[in-house]
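What follows is a single structure, written as structure tokens, with notes after it.
In this note's numbering, the protein residues as written are 1 to 414.
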């Protein structure tokens with residue numbers, strides 16, 4: 001089939017884009033893909049065509065509006081210049097309003113604004129812009145989910161939310177968990193943990209928690225971790241934060257100073273490869289308010305790092321408290337209790353959590369992800385062919401000559 005994929009960034013360090021990238025790596029030999037995106041790390045240029053959509057990437061609300069305007073223009077330029085018609089048009093959430101065959105949803109913006117946004121207490125210009133991004137998405141969600149022929153989501157939690165908010169999606173939904181490159185995430189035997197720690201100003205005997213996020217620090221729970229850390233008077237308990245644009249990091253560094261946490265919190269900024277940070281950490285913490293399928297949690301598990309998390313969509317299907325991680329209440333007190341519980345565990349008990357997590361994450365393999373997408377495309381192709389086949393069968397039925405050319409008016413029978 002000829003498949004068009006519309007996504008902002010199809011790159012390795014983007015949560016949604018990396019899923020599309022894994023899909024393309026596995027299925028580009030079976031289908032003909034054209035990717036419409038602002039950025040694309042093309043894994044197979046001989047088989048995959050890239051049409052760049054030149055849009056500003058910040059703020060997200062502007063990206064949303066610009067992509068809605070420019071992506072269709074780039075699409076029609078491609079079509080009018082000789083590009084063939086697509087069998088499938090696939091997009092992310094409400095990011096594009098072209099003909100929607102498959103919608104790959106990783107967030108329910110209406111549910112988030114209704115249930116979770118009021119509790120975040122975010123302030124400032126960044127918060128205002130973030131609200132508008134969610135609001136604009138939420139306004140178009142009803143249109144997209146009504147028009148989409150199929151909706152693919154990564155977790156049963158998001159499936160429930162979409163059915164609650166948009167009941168018409170129920171028969172269209174398929175759950176397909178995000179992939180984890182387990183072998184890629186495993187710590188190599190020759191990894192120098194001490195050297196990485198020294199580069200971050202950390203000692204070998206420090207208890208190091210890792211928090212990673214591209215942004216949205218408030219939703220992801222960083223303020224709660226900082227509050228919990230400040231309340232635990234243990235100078236060897238440290239936090240490393242990976243991610244965040246430079247202005248966001250500067251804002252939080254000011255907060256760190258005000259909270260008296262200088263020397264206990266390290267901001268590493270944006271990183272193309274988060275693995276060394278996972279491998280040097282004692283635990284990964286994500287007390288997030290809302291996620292659909294936090295891939296970074298499963299990547300931490302694949303790295304053999306114990307996880308400290310709130311009961312999130314996707315996580316609820318994987319994490320068992322005390323077996324392969326610690327499940328905590330989303331509050332500063334909950335974070336403190338979870339951190340103290342982890343810090344009080346023996347080295348063997350912590351290692352056992354990591355081993356169990358690494359074993360349990362195997363079900364999210366890339367191979368399984370490819371097989372599931374292959375099934376979705378095959379099912380879509382069969383469903384699309386069914387109406388055509390029915391039409392062809394009807395046309396092929398032999399009609400008696402007297403009915404094919406009626407000499408009698410049968411309208412009175414209607």
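Here a beta-carbon is modelled for each residue, glycine too, at the ideal position from N, C-alpha and C. Keep in mind it's a predicted model, so treat the numbers as computed, not measured.
- By the neighbour-count criterion, in which 16 or more other beta carbons inside 10 Å mark a residue as buried, residue 378 falls on the exposed side.
- Residue 172 carries a helical assignment under DSSP once its states are collapsed to helix, strand and coil.
- With a contact defined as Cβ atoms closer than 8 Å, residue 358 and residue 301 qualify at about 6 Å.
- Between residue 239 and residue 265, the CB-CB gap stays under 7 Å.
- In the DSSP assignment, residue 243 falls outside any beta strand (DSSP E) and carries neither an H nor an E.
- Secondary structure in the region 104 to 173: the alpha helix (DSSP H) runs of 4 residues or longer, each lying completely within the stretch, are 124 to 147, 156 to 165 in chain order.
- Three or more Cβ pairs closer than 8 Å define a contact, and the region 38 to 48 meets that threshold against the region 5 to 25.
- When secondary structure is reduced to three states using DSSP, residue 321 falls in the strand class.
- Non-local C-beta neighbours of residue 112 in its own chain, meaning closer than 7 Å and more than five positions away in sequence, comprise 134, 290, ordered along the chain.
- Under the rule that a run must span 3 or more residues, the beta strand (DSSP E) segments found entirely inside the region 39 to 110 read 48 to 52, 88 to 92, 102 to 104.
- With a cutoff of 7 Å on beta-carbon distance, residue 364 and residue 213 are scored as not near each other.
- For the pair residue 68 and residue 141, the Cα-to-Cα distance works out to about 13 Å.
- DSSP, read as helix, strand or coil, puts residue 281 in coil.
- Look at the beta carbons and you see the region 3 to 12 not touching the region 341 to 355: under three pairs across the two are nearer than 8 Å.
- Here residue 202 carries a coil assignment [DSSP, helix/strand/coil].
- The alpha-carbon separation between residue 13 and residue 277 amounts to approximately 14 Å.
- Counting along the chain, residue 307 sits inside no alpha helix (DSSP H); it lies in the beta strand (DSSP E) bounded by residues 307 to 309.
- Here residue 35 is not near residue 11, since their CB atoms are 7 Å or more apart.
- Using a Cβ distance threshold of 7 Å, residue 332 and residue 227 count as a contacting pair.
- Annotation for residue 37: the continuous beta strand (DSSP E) segment containing it runs 32 to 37.
- Per DSSP, the continuous alpha helix (DSSP H) segment holding residue 217 begins and ends at 217 to 220.
- By the Cβ test, the region 96 to 116 is in contact with the region 143 to 157, since at least three Cβ pairs between them sit closer than 8 Å.
- Looking from the CA of residue 55, the closest CA among 30, 356, 294, 95 belongs to 95.
- According to the DSSP assignment, residue 21 belongs to no beta strand (DSSP E) but to the alpha helix (DSSP H) extending over 15 to 27.
- For residue 297, there is no enclosing beta strand (DSSP E); the enclosing alpha helix (DSSP H) covers residues 295 to 302.
- Here residue 354 carries a helix assignment [DSSP, helix/strand/coil].
- Following the DSSP letters along the chain, one finds residue 4 inside the beta strand (DSSP E) bounded by residues 2 to 6.
- Boundaries cannot be given for residue 191, as no alpha helix (DSSP H) includes it and DSSP labels it neither H nor E.
- Counting C-beta pairs closer than 8 Å gives three or more between the region 268 to 287 and the region 325 to 339, which meets the contact rule.
- Bounds of the alpha helix (DSSP H) holding residue 337 are 332 to 343.
- Rounded to whole angstroms, the separation of the alpha carbons of residue 147 and residue 32 is 24 Å.
- In the three-state reduction of the DSSP assignment, residue 234 falls in the coil class, being assigned neither a helical nor a strand state.
- Partner residues in a beta bridge of residue 257, as assigned by DSSP, do not exist.
- Distance from the CA atom of residue 217 to the CA atom of residue 88, rounded to whole angstroms, is 36 Å.
- Remark: fewer than three beta-carbon pairs, one from each stretch, lie closer than 8 Å, so the region 301 to 315 and the region 245 to 253 are not flagged as touching.
- Shown here for residue 196: same chain residues with a beta carbon closer than 6 Å to its own, the five before and five after excluded, namely 276, 280 in chain order.
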